[in-house]
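Heads up: the structure comes next, in structure tokens.
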Amino acid sequence: IPQDDGPSLVCKIDYPPQFVVVYDLFRAILQSGERDTERVLALTSLCLEQNPANYTVWHVRRQCWLSTSKDAWVAQHDLTEWIPLELEYTALLGGSNPKNYQIWYHRRTLLQHVFDQNPEFAETQASIELEYL
């Protein structure tokens with residue numbers, strides 16, 4: 002779904018072609034309501050590589066990971082497997098921009114979820130998080 006800039010566009014932003022393709026797909030996913038699939042998670046990765054400050058993309062990514070109606074592929078992934086990988090991924094995206102509040106919120110939400118599910122593992126992750134700071 003192409004970006005709708007409204008009827009009275011003042012200035013067209015010249016986005017790179019890959020950005021346009023990825024975000025057109027993302028808007029289609031948003032409209033379809035599809036969540037919690039490997040395909041949506043992969044698309045959010047592509048979107049965040051183009052713009053790591055997009056709050057909506059981070060929100061959809063959290064919905065993928067934290068959904069209660071998980072796909073078989075997500076259900077197979079133990080918290081102890083995917084949380085460290087997700088935190089590492091966010092560290093890579095935030096490395097050049099430490100004031101990206103969307104990334105910090107995402108990290109915090111994941112750790113809160115882990116604490117609710119597995120407090121012992123959460124303590125380990127929290128100590129690693131303090132080292133990250």
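Start counting the sequence shown at 2; every next residue gets the next number (the numbering used here). For every residue, glycine included, the Cβ atom is placed at its ideal position computed from N, Cα and C. Just so you know, these numbers come straight off a predicted model, no measurement behind them.
- With contacts defined by Cβ atoms closer than 7 Å, T45 and R62 form a contacting pair.
- Between I30 and V21 a beta carbon distance of about 15 Å is seen, past the 8 Å cut, so the two are scored as non-contacting.
- In the three-state scheme derived from DSSP, where H, G and I count as helix and E and B as strand, G7 is classed as coil.
- Secondary structure at T125: helix, using DSSP grouped into helix, strand and coil.
- In the displayed model, Y56 falls within a helix according to three-state DSSP.
- The C-alpha of S128 lies about 28 Å from the C-alpha of A43.
- Of all alpha-carbon atoms in A54, W83, L47, the one lying nearest the alpha-carbon of K100 is that of A54.
- When the Cα atoms are used, F122 and L49 turn out to be separated by approximately 27 Å.
- Within the model, the alpha-carbon separation for Q126 versus Y90 is close to 14 Å.
- Cα atoms of W83 and D6: separation of roughly 37 Å, rounded to the nearest angstrom.
- For E35, there is no enclosing alpha helix (DSSP H), as DSSP marks it with neither H nor E.
- Distance between P85 and S33, taken at the CA atoms: about 30 Å.
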